[in-house]
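To start, the structure itself, in C-alpha cells.
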C-alpha cells in the first residue's frame, strides 16, 4: 500500500507513520536476527534434485533456482551514491537483491542491498564461491538454474545452467541443434520457479514493491527482514 494511502487509513501524518514503520522494522530485524539461509546438506541436495528431475528428466542434478530483482528507492542527494545506485538499463535508482531458492521453496542463499549498478556477476560472487567449494556443495555435479543474463564463465560450466541466448542456436552445428533445443526447453520450463519465489517474497511485504520513500536508514533492515520472514514461513510448511 502506498504511503499516502496508509496516512489516510490511519489518520497519521507521514513523519509519524514513517517513524512507526521504522520502529516496526527494527523490531522485526531483532526478532529474526538468528534466522539464517536454509543451506541443504548433501543428502538433502540429492532429494531436491530428484524433485526437479521428476518434472524435467533431463535435469539430473538441479537442486535450486537463482534470480535477482530490483527495488526502487528515492534518489539520494549524494552524487557519488546516486551514481552507484543508478541502473542504466532501466534508467532508475535501484537496490538489487539476488536469491537462490531450493526446489522446496526455502532460501538457500541471498544477498541484499547491492547497488543498482551492479550486474549479476557482481551480486552472485559469494554464491559462486560457495557453489564451487567443497564445504556446502561437495558434489560437483549439483547445479542451479538461472536466466540467460547470468555470467557463463568456464569455471561455472554445468554448475549454473542458463537458457540459450538469442542467436546461440544458429551458431551451433546442425547435428547439435536438436539436443541443444531440448535442453534449452527443459531449463526454460523450470526457470520460472525463481520468478515465483521472488513474487512470494515481495508479497510478504508489499511496501518494498512500492519503493522505499527514503534511501539509507531502514532499507537494509527492510529487505533483510523480508527475506527472514519468508524463510520462516517456507520452513514451517
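Residue numbers (this note's numbering): 1283 to 1519.
Each residue gets a CB set at the ideal place from its N, CA and C atoms; glycine is no exception.
*Nearest CA to the CA of residue 1432: which residue from 1422, 1419, 1446 and 1423?*
1446
*Is it true that the region 1374-1390 meets the region 1343-1356, where meeting means three or more beta-carbon pairs spaced less than 8 Å apart?*
yes
_Cβ neighbour criterion (16 or more within 10 Å) applied to residue 1519_ = At residue 1519, the pLDDT of 35 sits below 50, so the modelled position is not reliable; the number obtained from the coordinates is stated separately. When all chains shown are included, residue 1519 counts as exposed.
*If you follow the alpha helix (DSSP H) that residue 1376 is part of, which residue opens it and which one closes it?*
Unbroken run through residue 1376 is the beta strand (DSSP E), 1374-1384; no alpha helix (DSSP H).
*Take residue 1444 and list the residues in its own chain whose beta-carbon comes closer than 6 Å to its own, dropping the five residues that flank it on each side.*
1428, 1430 and 1432, listed in sequence order.
*Which term fits residue 1423, buried or exposed, when burial requires 16 or more other beta carbons within 10 angstroms of its beta carbon?*
exposed
*Short Cβ contact (8 Å threshold) for residue 1354 with residue 1374*: yes
_Can you find the residues in the same chain that come closer than 8 Å, C-beta to C-beta, to residue 1337, ignoring five residues on each side of it along the sequence?_
1471 and 1472
*asked:* Please classify residue 1467 as buried or exposed, where buried requires at least 16 neighbouring CB atoms within 10 angstroms.
replied: exposed
*Under a three-way DSSP split, which group does residue 1317 fall into?*
Looking at residue 1317 - three-state DSSP - the assignment turns out to be coil, as it is neither helix nor strand.
*asked:* I'd like the span of the beta strand (DSSP E) that includes residue 1345, first residue to last.
replied: Unbroken beta strand (DSSP E) run through residue 1345: 1344-1354.
*asked:* Would residue 1389 and residue 1320 be called neighbours here (beta carbons separated by less than 8 Å)?
replied: yes
*Contact between the region 1385-1402 and the region 1298-1305: three or more CB pairs below 8 Å?*
no
*DSSP-derived helix/strand/coil call for residue 1499*: Caution applies to residue 1499, whose pLDDT of 46 falls short of 50 and renders its modelled position unreliable; the model cannot decide the point.
*What is the DSSP secondary structure of residue 1391, counted as helix, strand or coil?*
strand
*Can the beta-carbon of residue 1361 be found closer than 8 Å to that of residue 1397?*
Here residue 1361 is not near residue 1397, since their CB atoms are 8 Å or more apart.
*Is it the case that the Cβ atoms of residue 1364 and residue 1357 are separated by a distance below 8 Å?*
Taking a C-beta distance under 8 Å as the contact criterion, residue 1364 and residue 1357 qualify as a contact pair.
*8 Å contact criterion, which residue 1410 and residue 1425 should meet: CB distance rounded*: The Cβ separation is near 12 Å, so there is no contact.
*If residue 1343 sits next to residue 1331, beta carbons under 8 Å apart, how far is it from one beta carbon to the other, in whole angstroms?*
5 Å
_Can you give me the C-alpha to C-alpha distance between residue 1510 and residue 1479, rounded to a whole angstrom?_
14 Å
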